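Chemist: For the sequence shown, the numbering used here assigns the number 15 to the initial residue and increments by one for each residue that follows.
The beta-carbon is built from N, C-alpha and C at its ideal position, and this holds for glycine as well.
These figures come from a predicted structure and were not determined experimentally.
Here's a structure for you.
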Amino acid sequence: MARTESMTCHGFEITTQSRDNGRGGWIAHVEVRHDGRLFATCSPDTVQPEWLTEEEANRDGLERGCKFITHIKTGGEDRSWVAIREHAERWFFRIESSQEAEQIVRDLHDR
């Protein structure tokens with residue numbers, strides 16, 4: 015059974031669960047939530063690194079999730095909804111298309 019690991023980063027809950035990719039490597043699936051609301055997911059099988067162990071893949075998923083949130087919060091670039099979504103795609107994250115996700119981005123601006 016796959017092990018799930020979680021951490022909090024800048025008020026976001028990052029959860030990762032890895033799976034065997036069938037070629038001897040492990041790939042992490044990452045979910046980022048804010049106040050219980052799903053904000054972003056990442057599961058890019060074709061571009062992310064493969065890890066030799068489930069633990070390494072989970073650790074990488076948590077680190078990537080935290081770096082993604084840190085960059086959104088502290089980056090000096092445009093933080094409009096469109097820019098945040100475009101930035102997420104560069105990091106291979108998919109930001110949810112919902113009013114809740116848009117509200118999370120607005121909340122980031124207010125802090």
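Could you tell me the distance, in whole angstroms, from the CA atom of G25 to the CA atom of G38?
Modeler: 34 Å
Chemist: Identify every residue that forms a DSSP beta bridge with A42.
Modeler: S32
Chemist: Does DSSP classify A71 as helix, strand or coil?
Modeler: Residue state, collapsed to three classes: helix.
Chemist: Got a sec? Which residues, its chain only, sit under 6 Å from E70 by beta carbon, not counting five neighbours each side?
Modeler: none
Chemist: Quick check on this structure: which residue in D49, T88 and E77 has the alpha carbon closest to the alpha carbon of M21?
Modeler: E77
Chemist: Compute the Euclidean distance between the alpha carbons of D34 and T18, then round it to the nearest angstrom.
Modeler: 14 Å
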